[in-house]
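Be aware that the sequence shown starts at 1, since it is given in the numbering used here, and climbs by one per residue.
For every residue, glycine included, the Cβ atom is placed at its ideal position computed from N, Cα and C.
Quick caveat, the model's predicted, so the values are computed rather than measured.
Worksheet for the structure shown next.
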Amino acid sequence: MKVGIIGSGGREHALCYAVKKSKKVNKIYCFPGNAGTHNIAENVDLDISDFEALNEFINKKNIDIIIVGPEKPLVDGIVDFLKKNKIKVFGPNQTASKLEGSKIFTKNLCKEFDIPTANFGVFNNVDESIDFLNKSKFPLVVKADGLAAGKGVYICENKNDGENAVKEIFDGKFGKTSELLIEEFLTGEEMSFFIISDGVNIKQFGTAQDHKRVGEGDVGLNTGGMGAYSPSRLENDKLNKKILDKIILPTLKGLRENYKTNFLGFLYAGLMIKEGEPYLIEYNVRMGDPECQTILPRLETNLIDIIEATIDQKLDKINLSWSNEKSLSIVQCSKGYPGPYENNQEIKNLDKINLKMNEYIFHAGTKIDNSKIFSNGGRVLNFVGKSNSFKESREIIFSLINKIDWRKGFYRKDIGHKVIDI
Ligand code: AMP
Ligand code: GLY
Numbered sequence: 001m002k003v004g005i006i007g008s009g010g011r012e013h014a015l016c017y018a019v020k021k022s023k024k025v026n027k028i029y030c031f032p033g034n035a036g037t038h039n040i041a042e043n044v045d046l047d048i049s050d051f052e053a054l055n056e057f058i059n060k061k062n063i064d065i066i067i068v069g070p071e072k073p074l075v076d077g078i079v080d081f082l083k084k085n086k087i088k089v090f091g092p093n094q095t096a097s098k099l100e101g102s103k104i105f106t107k108n109l110c111k112e113f114d115i116p117t118a119n120f121g122v123f124n125n126v127d128e129s130i131d132f133l134n135k136s137k138f139p140l141v142v143k144a145d146g147l148a149a150g151k152g153v154y155i156c157e158n159k160n161d162g163e164n165a166v167k168e169i170f171d172g173k174f175g176k177t178s179e180l181l182i183e184e185f186l187t188g189e190e191m192s193f194f195i196i197s198d199g200v201n202i203k204q205f206g207t208a209q210d211h212k213r214v215g216e217g218d219v220g221l222n223t224g225g226m227g228a229y230s231p232s233r234l235e236n237d238k239l240n241k242k243i244l245d246k247i248i249l250p251t252l253k254g255l256r257e258n259y260k261t262n263f264l265g266f267l268y269a270g271l272m273i274k275e276g277e278p279y280l281i282e283y284n285v286r287m288g289d290p291e292c293q294t295i296l297p298r299l300e301t302n303l304i305d306i307i308e309a310t311i312d313q314k315l316d317k318i319n320l321s322w323s324n325e326k327s328l329s330i331v332q333c334s335k336g337y338p339g340p341y342e343n344n345q346e347i348k349n350l351d352k353i354n355l356k357m358n359e360y361i362f363h364a365g366t367k368i369d370n371s372k373i374f375s376n377g378g379r380v381l382n383f384v385g386k387s388n389s390f391k392e393s394r395e396i397i398f399s400l401i402n403k404i405d406w407r408k409g410f411y412r413k414d415i416g417h418k419v420i421d422i
């Protein structure tokens, strides 16, 4: 079988790695991939927003299944396009992808289907937004509606922060917009909850906790994610059931009833858990990054079998088996990230590392040139360790990071601090 994976991050390297484990799979193409996927797949240097070109390549090479990693092509309708062209594709269609593509779409669905979430208002101009802020208590959260690469959320401590957020959003910092959201600030502990759905059946696909802030102690600017651990310390059967009954199932019902669509793919609920009750913060219509790199090493069932069953709407026929081990990931980034940073810095000694069982290195922003590996992005490498304790998993990672020679990189040493007693 030939499999194509769309994307170039750590998530896609981990997907490639998991798919590669199947004897069924004899060729993987990665669009466009990175220096890590280069070792196990053929990287195809193709603009992934050019759906026609993708379709042509997929047909020319007779690729059997396409897996879409990132949100942008999903929100832009890649699944609808490829399906129309009779290609088997794993991921939600454009309507279902609005769960991530428009925060206002999701909030309205929450309101109509009684899904617990922060109270909110939708505003369509600067004056009305600021009027509302003048009457409000802080902290409050101001959000751009559309995709913003994790940057469209402002936690506002006072009126000034709020005004600044409103102006930046309406000035078009995240693209032209006619609306924004102002939300109540939720307190509690966050948890990422994943399911996989074939449109009819759903199965849980693990939990995780990521660390979004750049600095140790969870301070500083927001990033795409500096590390994660799985499972979340909050996970238990009672909470899982509440999340499914109060959040996931009503959402899927809402999609069916209001939009006549099913959800096929990974659905990632970003939740706040307060006194044992889940509240939806946001949806993503894909696996998380770095949560995917952290969760997949715990999956014992072959990923491609799961994906095939999902596409064929037979997810109920497959049993998902998970290891009980504790998995932790640390992301090594270019110095300066999430602000400006230098690319093209050579990373030495990576190829000299012999990974043991339970040790993984997934590339993100890397490229290969003349057999040498160079940085090519903000988040560059993901180190993952799996063991019987989060502490040991983190020790495994530290020893891996110490083996490489890359002075322009940095990473957080406190990933998992809530689950590791020093
Ligand atoms: P999002 O991109 O919507 O996941 O938001 C990014 C981060 O902002 C979340 O992971 C939370 O830490 C925080 N956040 C977003 N909305 C809220 C809220 N209503 N209350 C508290 N924190 C929030
Ligand atoms: N780690 C957060 C995300 O994938 O959106």
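The ligand GLY heavy atoms versus the CB of residue 164: any closer than 8 Å? no
How many whole angstroms separate the CB atoms of residue 152 and residue 174, which I take to be in contact at a CB cut-off of 8 Å? 5 Å
Inter-residue Cα distance where the pair is residue 189 and residue 233: 10 Å
Using the three-state DSSP reduction, which class does residue 424 fall into: helix, strand or coil? Within the shown structure, residues of the chain are numbered from 1 to 422, placing residue 424 beyond reach of any answer.
Check residue 350 in the structure and name its three-state DSSP category. Three-state DSSP puts residue 350 in a helix.
Checking 9 Å against the spacing of the C-beta atoms, do residue 143 and residue 109 come in under that value? Not in contact: residue 143 and residue 109 (Cβ atoms no closer than 9 Å).
Let me know the secondary structure DSSP gives residue 321 once reduced to three states. coil
Take residue 100 and list the residues in its own chain whose beta-carbon comes closer than 6 Å to its own, dropping the five residues that flank it on each side. In chain order, 71, 283, 284 and 285 place their CB closer than 6 Å to the CB of residue 100, counting only its own chain and leaving out the 5 sequence neighbours on each side.
To the nearest angstrom, how far is the alpha carbon of residue 65 from that of residue 295? C-alpha separation (whole angstroms): 22 Å.
Inter-residue spacing [alpha-carbon to alpha-carbon] between residue 263 and residue 402: 42 Å
Determine contact between the stretch 249-266 and the stretch 155-165, defined as no fewer than three beta-carbon pairs at a distance below 8 Å. Because the criterion of three Cβ pairs below 8 Å is not met, the stretch 249-266 and the stretch 155-165 do not touch.
Between residue 376 and residue 332, is the Cβ-Cβ spacing less than 9 Å? no
For the ligand GLY, I want to know if residue 364 counts as a neighbour, meaning its beta carbon is within less than 8 Å of at least one of the ligand's heavy atoms. no
Sort 312, 329, 1 and 227 by Cα distance to residue 62 and report the nearest one. Closest option to residue 62, judged by alpha-carbon separation, among 312, 329, 1 and 227: 1.
Please confirm whether any heavy atom of the ligand AMP lies closer than 8 Å to the CB of residue 415. Residue 415 Cβ: outside cutoff for every heavy atom of the ligand AMP.
Whose C-alpha, out of 201, 408, 57 and 398, is nearest the C-alpha of residue 340? With distances taken between CA atoms, residue 340 lies nearest to 408 out of 201, 408, 57 and 398.
Does at least one heavy atom of the ligand GLY sit under 8 Å from the Cβ of residue 12? no
Does DSSP put residue 150 in a helix, in a strand, or in coil? If DSSP states are grouped into helix, strand and coil, residue 150 belongs with coil.
To which residues of the same chain is residue 395 closer than 8 Å at the C-beta, ignoring the five residues directly before and after it? Closer than 8 Å at the Cβ level, and outside the excluded window around residue 395, lie 385.
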